[in-house]
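These protein sequence lines map, in sequence, to chains A and B. Residues 1 to 306 (this note's numbering) make up the first sequence, in order. Residues 307 to 633 (this note's numbering) make up the second sequence, in order.
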Amino acid sequence: MSAEQQGTAPGPVAEVDSEPGVAKPDPILVVDNVKRTFGGLVAVDVDHLEVQRGLITALIGPNGAGKTTFFNLLTGFDHPDSGDWSFNGRSLRRVGSHRVARMGMVRTFQLTKVLSRLTVLENMRLGATRQAGERFWMAPFRPFWAKQEAANTERARALLRRFQLDAKADDFAGSLSGGQRKLLEMARALMVDPELVMLDEPMAGVNPALKQSLLDHVKDLRSEGKTVLFVEHDMDMVREISDWVVVMAQGRVIAEGPPRSVMADQRVIDAYLGAHHDTSINELAEHGHEALQQAVEAERTEEEER
Amino acid sequence: MIDVLQSALHDAFSPIGLSFILAAIGLNVHYGYTGLLNFGQAAFCAVGAYGMGVGIASFDLPLAVGLLIGVAAAAVLALILGIPTLRLRADYLAIATIAAAEILRLCFSATYKEYFHARDGVSGFTAGFRSLNPYPESVDTVLTYNLDDLWVLTVGWIVVALVCLYLWSQMRSPWGRVLKSIREDELAAQSLGKNVYGYKMQALVLGGVIGAFGGFIGGLGLASVQPDSFNTDFTFIAFTMLILGGAARILGPVIGGVLFWFALSFIGGVLGKLTSGDDPVIPPHVLDNQQLSSVRFMIVGLVLMLLMIYRPQGIIGDRKELAINER
């Protein structure tokens, strides 16, 4: 906590510079030149990014910065025009989304996707990988998979207890509240036993009481040695739990570093609020249109240089 | 009145009803469990029936080989339809299947006439099946069915029972759970490491092959296979039976099918009684005998509409489950 507040990063990334695309000592995820365009719009254009193993990394940025698209690209739910990225040193360039999950990189969704007409427990059981009973020819013969199913059920119930959903185990997932759905989705992702958990806006639409418990769950993931990468708009959450923050704007990574220092970074403030947010209207009026004109001029040359 | 009831019961359990029931069970795998919109189940039944019929009638193959050809044809059709469309949204499969069903029906009625015999259809393939009939010839009719029908019925209902038993064990397994998760949200299933495309393909093939069984029973029951019995009505009647009974329930299509056929026949029979005779209850200028068969479909349609309004989950569905709206 104290390290975070002073704007320095914890242990493994303490010596790392706060520069976009900086190398980390032990990256679990490495992204190179990933670019995705929708027609003329460049949604994502990331030159280089590394995500440190065992830490909580936040991905922030104003609306439309390409965070969710970037998430989709990394997890195989969308395909980039060019670029390469690897997880634990294995390239994910041509890997389908279900294989990405099996490799240990699991995501949740911005709009929660619970399986409404399955019970909470069935939702959880589905998360387990390598189930013999999921094979077509094995499925009708219960003895082949009963043991594994029992083990998975036990693990599912333990996770549900941890996320305080055990009382709801036999209810349809569609009957849960918005916040409980977020919890279920996170718990279900853990059934896959991932190394890297990618959470897309875990706090969206969650009430303050539940927020605190969600925060604790995310921190628990880190203490279990899992890596967390999450997209979030809630700056309090970003400040409180993240070890490292990556800022995206207009598809590019514009800054990264420990939370305090990144949030004070001029580029980040500009991205969120616009470059001229500090200039008061009075000031502009005093100097006539001069200041405004200068500002517009400066922006134009900047754009031309690009 | 007893004879109306009797003939309605006769139709409810008839070979034709059975072929629709098997088609509806196949649709249950597609639509009820996996959420695949197959509007061309008639095509799967047709290739099954034609595979068996042509194999036996034109190539003198034994019955078992004919059945195998039918099953293989349905599986191949599922692959051909599934490979390009199952990666896309659900609507594309619906479009592709309804188009394929019409294309196949027109092909069967206009091409390779030496094998398909155009509108007359294929016949002369039942000898092998009938020779296996164990019922003694001394009996004339049992429960209003003649001996050939009785044999088809016996086999047909055994097939229905075995298919239901198999599906029950298949759907309670983790495999069935993956299918249901795909129905609920395929992206979620994918994010948990399930190969959604592969599972959809398995479901499409399985449901299609069960549809081919329906084609076998229908063909053997009528002793002929005609292209026009596999028009789009076929698929939609099967869908109606499925939804009437309750989708995603093992016995839904069976119960729905029997009831649908009973209702259709019963309404037809009652209307027939009311419009016939010297002084009919319903005078001919309101409804005459020729209009009967259309009117009974109208009434069945009305009954179904009322059922959907007051019992949308079907006869054995779970209302609570249906009430959960997808968010």
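Where is the CB? At the ideal position from N, CA and C, for every residue including glycine.
Check your understanding: Going by the C-beta, is B/K419 closer than 7 Å to any heavy atom of the ligand ADP?
Key -> This structure does not include the ligand ADP; it has no bound ligands of any sort.
Practice item. Check the Cβ-Cβ distances between A/T129 and every residue of chain B, and say whether any is below 8 Å. Key: Here the question's residue 129 of chain A lines up with position 129 in the first sequence. Yes, its Cβ sits closer than 8 Å to a Cβ of chain B.
Practice item. Compare the beta carbon distance of B/G521 and B/G562 with 8 Å and say whether it is the shorter of the two. Key: Walking along the second sequence from the start, residue 521 of chain B turns up at place 215. Walking along the second sequence from the start, residue 562 of chain B turns up at place 256. No.
Practice item. Please name the residue or residues paired with A/I56 in a DSSP beta bridge. Key: Taking the first sequence and counting its residues from 1, one reaches residue 56 of chain A at position 56. BP columns for A/I56 point to A/V228.
Check your understanding: So is B/V502 in contact with chain A if we call contact Cβ pairs under 8 Å?
Key -> As a position in the second sequence, residue 502 of chain B is number 196, starting the count at 1. Cβ-Cβ to chain A under 8 Å: yes for B/V502.
Practice item. Please report how far the alpha carbon of A/L18 lies from the alpha carbon of A/H233, in whole angstroms. Key: Translated into positions along the first sequence, residue 18 of chain A becomes position 18. Translated into positions along the first sequence, residue 233 of chain A becomes position 233. Looking at the sequence itself, residue 18 of chain A is Ser, so the reference to Leu does not match. When rounded, the distance between both Cα atoms is 21 Å.
Review point. Shorter than 8 Å from the beta carbon of A/F136 to some beta carbon of chain B?
Key: Within the first sequence, numbered from 1, the residue matching residue 136 of chain A stands at position 136. Yes, its Cβ sits closer than 8 Å to a Cβ of chain B.
Practice item. Within the same chain, show all residues whose beta-carbon is closer than 7 Å to that of B/G482, passing over the 5 residues directly before and after it, in chain order. Key: Start at 1 with the first residue of the second sequence, and residue 482 of chain B comes out as number 176. Listed in chain order, the non-local C-beta contacts of B/G482 below 7 Å within the same chain comprise Y339 and Q476, local neighbours out to five positions each way being set aside.
Review point. So B/V514 is in the alpha helix (DSSP H); what residue range does that whole segment cover?
Key: Translated into positions along the second sequence, residue 514 of chain B becomes position 208. In the sequence under discussion, the amino acid at residue 514 of chain B is Gly, which differs from the Val named in the question. V502 to L528 is the span of the alpha helix (DSSP H), which, as asked, contains B/G514.
Check your understanding: CB B/I630 to CB A/S175, shorter than 8 Å?
Key -> Taking the second sequence and counting its residues from 1, one reaches residue 630 of chain B at position 324. Taking the first sequence and counting its residues from 1, one reaches residue 175 of chain A at position 175. Contact flag set, yes.
Practice item. State the start and end residues of the unbroken alpha helix (DSSP H) segment that holds A/I254. Key: To locate residue 254 of chain A, count along the first sequence from 1; it is residue 254. Element bounds for A/I254: not the alpha helix (DSSP H) but the beta strand (DSSP E), R252 to G257.
Review point. Does the Cβ of A/K226 have 16 or more other Cβ atoms within 10 Å, making it buried, or fewer, making it exposed?
Key: Start at 1 with the first residue of the first sequence, and residue 226 of chain A comes out as number 226. It is buried - the Cβ of A/K226 has at least 16 other Cβ atoms within 10 Å.
Exercise for review: Over the uninterrupted alpha helix (DSSP H) stretch that includes B/I404, give me the two end residues.
Suggested key: By 1-based counting over the second sequence, the position of residue 404 of chain B is 98. A396 to A416 is the span of the alpha helix (DSSP H), which, as asked, contains B/I404.
**Study point:** Helix, strand or coil at B/W457 [DSSP, three-state]
**Key:** Taking the second sequence and counting its residues from 1, the one referred to as residue 457 of chain B is at position 151. B/W457: helix per DSSP, three-state reduction.
Practice item. Please check if any C-beta of chain B sits within less than 8 Å of the C-beta of A/R107. Key: The sequence position of residue 107 of chain A within the first sequence is 107, counting from 1. For A/R107, the closest Cβ of chain B is nearer than 8 Å.
Check your understanding: Can you tell me where the beta strand (DSSP E) with A/P62 in it begins and where it stops?
Key -> Here the question's residue 62 of chain A lines up with position 62 in the first sequence. Segment: none, A/P62 is in no beta strand (DSSP E) and carries neither H nor E.
Exercise for review: Tell me, please, which residues DSSP counts as bridged to A/T119.
Suggested key: Within the first sequence, residue 119 of chain A is the residue found at index 119, counting from 1. In the DSSP assignment, A/T119 is bridged to A/F172.
Check your understanding: Using DSSP with H/G/I as helix, E/B as strand and the rest coil, what is A/N33?
Key -> Translated into the one-based positions of the first sequence, residue 33 of chain A becomes position 33. In the structure shown, A/N33 sits in a strand (DSSP, three-state: E or B).
Practice item. Determine the burial state of A/P20: buried for a count of at least 16 other Cβ atoms within 10 Å of its Cβ, exposed for fewer. Key: Looking up residue 20 of chain A in the first sequence gives position 20. Buried.
Check your understanding: Applying a beta-carbon distance threshold of less than 7 Å, which residues of chain B neighbour A/R102?
Key -> On the first sequence, position 102 is the one that residue 102 of chain A refers to. Per Cβ cutoff of 7 Å: G499.
Review point. So, are the CB atoms of B/F566 and B/A314 less than 8 Å apart?
Key: Translated into positions along the second sequence, residue 566 of chain B becomes position 260. Translated into positions along the second sequence, residue 314 of chain B becomes position 8. With contacts defined as CB atoms closer than 8 Å, B/F566 and B/A314 fail to qualify as a contacting pair.
Check your understanding: Distance, Cα to Cα, B/M507 vs B/A348?
Key -> Walking along the second sequence from the start, residue 507 of chain B turns up at place 201. Walking along the second sequence from the start, residue 348 of chain B turns up at place 42. Each residue's alpha carbon lies about 18 Å from the other.
Check your understanding: Quick one: is B/T447 buried, meaning 16 or more other Cβ sit within 10 Å of its Cβ, or exposed?
Key -> As a position in the second sequence, residue 447 of chain B is number 141, starting the count at 1. Its Cβ having fewer than 16 others within 10 Å, B/T447 is exposed.
**Study point:** Through-space distance from A/L59 to A/E240, alpha-carbon basis
**Key:** Your numbering for residue 240 of chain A matches position 240 in the first sequence. Your numbering for residue 59 of chain A matches position 59 in the first sequence. For A/E240 and A/L59, the distance between alpha carbons rounds to 14 Å.
Exercise for review: Compare the beta carbon distance of A/G200 and A/F109 with 8 Å and say whether it is the shorter of the two.
Suggested key: By one-based count along the first sequence, residue 200 of chain A stands at place 200. By one-based count along the first sequence, residue 109 of chain A stands at place 109. In the sequence as presented, Gly is not what sits at residue 200 of chain A; that position holds Asp. Cβ atoms of A/D200 and A/F109: closer than 8 Å.
Check your understanding: If A/E185 sits next to A/T301, beta carbons under 8 Å apart, how far is it from one beta carbon to the other, in whole angstroms?
Key -> Residue numbering aside, residue 185 of chain A sits at position 185 when the first sequence is read from its first letter. Residue numbering aside, residue 301 of chain A sits at position 301 when the first sequence is read from its first letter. In this structure A/E185 does not touch A/T301 by the C-beta definition: roughly 47 Å separates them, more than the 8 Å allowed.
Exercise for review: In the DSSP assignment, find the alpha helix (DSSP H) that holds B/M358 and state where it starts and stops.
Suggested key: As a working mapping, residue 358 of chain B is identified with position 52 in the second sequence. It spans Q347 to F365 - the alpha helix (DSSP H) in which B/M358 sits, taken as one unbroken run.
**Study point:** Members of the stretch 582-616 of chain B near chain A, C-beta cut-off 9 Å
**Key:** none
Practice item. Look up A/Q5 in the DSSP assignment and say whether it is helix, strand or coil. Key: Residue numbering aside, residue 5 of chain A sits at position 5 when the first sequence is read from its first letter. With a pLDDT of 45 at A/Q5, under the threshold of 50, the modelled position of this residue cannot be trusted; read the value that follows with caution. Looking at A/Q5 - three-state DSSP - the assignment turns out to be helix.
Review point. In this structure, does DSSP put A/R107 in helix, strand or coil?
Key: Position 107 of the first sequence holds residue 107 of chain A. Correct three-state label for A/R107: strand.
Review point. To which residues of the same chain is B/A380 closer than 7 Å at the C-beta, ignoring the five residues directly before and after it?
Key: For this step, residue 380 of chain B is matched to residue 74 along the second sequence. Closer than 7 Å at the Cβ level, and outside the excluded window around B/A380, lie F350, V353, G354, G514, V515, G517 and A518.
Check your understanding: How about A/K67 and A/V253: do their beta carbons lie closer than 8 Å?
Key -> Your numbering for residue 67 of chain A matches position 67 in the first sequence. Your numbering for residue 253 of chain A matches position 253 in the first sequence. In this structure, A/V253 does not lie closer than 8 Å to A/K67 by Cβ.
Review point. Hey, does B/Q619 have any beta-carbon neighbour from chain A nearer than 8 Å?
Key: As a working note, residue 619 of chain B is residue 313 in the second sequence. No, B/Q619 lies away from the interface with chain A (no Cβ there is under 8 Å from its Cβ).
Check your understanding: Among A/P140, A/F172, A/A173 and A/L160, which residue has its Cα nearest to the Cα of B/P480?
Key -> In the second sequence, the residue the question calls residue 480 of chain B occupies position 174. Minimum Cα distance to B/P480 is reached at A/P140.
Point to revise | Three-state secondary structure assigned by DSSP to A/E201 | key: For the purposes of this step, residue 201 of chain A is identified with residue 201 of the first sequence, where counting begins at 1. Residue state, collapsed to three classes: coil.
Check your understanding: Can you list, in chain order, the residues of its chain whose CB lies under 6 Å from that of A/N152, leaving out five sequence neighbours each side?
Key -> Position 152 of the first sequence, counted from the start, is the residue given in the question as residue 152 of chain A. Excluding sequence neighbours, A/N152 sits near R125 and A128.
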